[in-house]
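*Asks:* Going by my numbering, the first residue of the sequence shown is number 24, and it counts up by one from there. Here a beta-carbon is modelled for each residue, glycine too, at the ideal position from N, C-alpha and C. Pasting a structure here, questions to come.
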Amino acid sequence: MNDTIQRRKNGERCNDLLQKILDAEEDPEDPLDDFVVFLHMGLFLQAGSETVSNTLSFCFIELMQNSLVYAKLVDELRDAFPSRDHMPDHETLRRIPYLNAVLNETMRMYLQAGQGIRRIIDKDVVLGGYLIPKERDLKQNLIVKGYFFQTKIIASTSQVARDPTVWSEPEKFKSERFLEEDVPIDAFMPFSSGSRNCIGKNYAYMEMRLALGILVHRFHFEFVLEQEVRISRMASTWSKSHRGALCK
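As structure tokens, then:
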């Protein structure tokens with residue numbers, strides 16, 4: 024952020040996300056203040072690091088537990104990059120069907136924002152026979168520097184991603200479902216959906232494709248012997264394995 028501030032002082036501009044946010048501070052109609060910019064940048068830094076690394080950790084655990092899936096992915100990568108000296112590139116990786124299916128199945132089973140998608144309601148609604156008011160008692164609301172937080176509703180994306188009425192054998196890791204099944208768009212939302220979906224979606228896909236493609240292409244992974252692998256997710260902002268797994 025300091026580098027960007029210095030570039031602005033020097034009259035230089037970069038067409039990046041931080042520049043867009045700083046420009047929004049000067050919007051005469053709806054300017055952002057420093058507090059909101061601080062919140063945005065903190066979220067971007069947090070959301071763009073742990074989410075990718077956690078997803079890849081779950082992915083490798085599933086690959087090592089599913090030898091046929093692992094072997095098929097290796098074969099596909101070797102077909103695309105016959106030489107071990109050929110460093111996989113993203114332009115090729117994004118067009119490899121099974122690689123993307125493996126990543127999508129990992130994200131289906133281990134959503135990084137599985138707590139749900141929050142939305143503020145703009146009017147009183149009745150849902151399932153329950154009245155959800157637009158605003159709660161003012162004493163129960165939180166006011167931070169003039170920002171008033173109204174009633175929020177949360178859609179549990181993790182429950183939808185494991186709903187047996189939507190997915191066949193939802194508790195099983197089946198990469199082929201993303202090749203063979205007609206995946207309903209509203210049931211697979213690792214990056215949310217619609218015009219307000221995750222701003223880092225494409226960048227996250229690029230990171231995961233490159234990391235998974237390069238590592239699987241160049242190395243072989245397996246569990247350390249005599250290890251009991253049990254995947255249990257921690258109750259945190261992002262899904263992560265409670266115990267993890269040792270591999271070599």
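For T174, which residues in the same chain have their Cβ closer than 8 Å to its Cβ, ignoring the five residues on either side in sequence?
*Replies:* I143, I144, I155, P156, K157, E158 and R159, listed in sequence order.
*Asks:* So what's I237 in DSSP terms, helix, strand or just coil?
*Replies:* I237 falls in the helix class under three-state DSSP.
*Asks:* Would V148 be called buried (16 or more neighbouring beta carbons within 10 Å of its own) or exposed?
*Replies:* V148 comes out exposed.
*Asks:* Go to A47, then tell me how far its alpha helix (DSSP H) extends in each direction, as first and last residue.
*Replies:* Its alpha helix (DSSP H) spans residues L40 to A47.
*Asks:* Can you tell me whether Q135 is buried or exposed, with buried defined as 16 or more other CB within 10 angstroms of its CB?
*Replies:* Buried, because 16 or more other Cβ atoms sit within 10 Å of the Cβ of Q135.
*Asks:* Just the Cα atoms here: how many angstroms apart are L91 and T78?
*Replies:* Taking the straight line from one Cα to the other gives about 20 Å.
*Asks:* By the 10 Å Cβ neighbour count, where 16 or more other Cβ atoms means buried, how is R107 classified, buried or exposed?
*Replies:* With fewer than 16 other Cβ atoms within 10 Å, it is exposed.
*Asks:* Look at G236 and P111 and say whether their C-beta atoms are less than 7 Å apart.
*Replies:* Taking 7 Å as the Cβ cut-off, G236 and P111 qualify as a contacting pair.
*Asks:* When the Cα of V75 is compared with those of V247, A234, R30 and P54, which residue comes out closest?
*Replies:* Among V247, A234, R30 and P54, the Cα nearest to that of V75 is on A234.
*Asks:* Where does N164 land, buried or exposed, given buried means 16+ other C-beta within 10 angstroms?
*Replies:* Unreliable positioning characterises N164 in this predicted model, as indicated by a pLDDT of 48, which lies under 50. A coordinate reading is not provided.
*Asks:* To the nearest angstrom, how far is the alpha carbon of R253 from that of F201?
*Replies:* Roughly 25 Å between the two C-alpha positions.
*Asks:* Can you give the beta carbon distance from F214 to K224, rounded, assuming they're within the 8 Å contact cut?
*Replies:* So it is a contact: roughly 4 Å between Cβ atoms.
*Asks:* Would V14 be called buried (16 or more neighbouring beta carbons within 10 Å of its own) or exposed?
*Replies:* Residue 14 lies beyond the residue range present for the chain, which begins at 24 and ends at 271; the question has no answer from this structure.
*Asks:* Between the beta-carbon of G139 and the beta-carbon of T188, is there less than 7 Å?
*Replies:* No, Cβ-Cβ distance for G139 and T188 is not below 7 Å.
*Asks:* Note the first and the last residue of the continuous alpha helix (DSSP H) segment covering Y133.
*Replies:* It is not in any alpha helix (DSSP H) - Y133 carries neither H nor E in the DSSP assignment.
*Asks:* Among the candidates D46, R141 and I84, whose CA atom is the shortest distance from the CA of R23?
*Replies:* Lying before the first or after the last residue shown, residue 23 is absent from the chain, which here runs from 24 to 271.
*Asks:* Hey, how far is the Cα of I222 from the Cα of L66?
*Replies:* Whole-angstrom Cα-Cα distance: 11 Å.
*Asks:* Roughly how many angstroms lie between the CA atoms of A47 and D53, to the nearest whole one?
*Replies:* If you take the alpha carbons of A47 and D53, they lie about 8 Å apart.
*Asks:* What residue from L62, A184 and H243 has the CA that sits closest to D98's CA?
*Replies:* The residue with the shortest Cα to Cα distance from D98 is H243.
*Asks:* Any chance you could list the alpha helix (DSSP H) runs of at least 4 consecutive residues sitting entirely within the region 34-117, in chain order?
*Replies:* DSSP runs (the alpha helix (DSSP H)) wholly in the region 34-117: 40-47, 57-70, 73-88, 90-103 and 113-116.
*Asks:* Just tell me which of P51, H63 and D56 has its CA closest to the CA of L3.
*Replies:* In this structure the chain extends from 24 to 271, so residue 3 is not present and cannot be described.
*Asks:* State the Cα-Cα distance for the pair P120 and V239, rounded to the nearest angstrom.
*Replies:* One C-alpha to the other measures close to 15 Å.
*Asks:* Per DSSP, which residues does F196 bridge with? Please list them.
*Replies:* BP columns for F196 are empty, so no partner.
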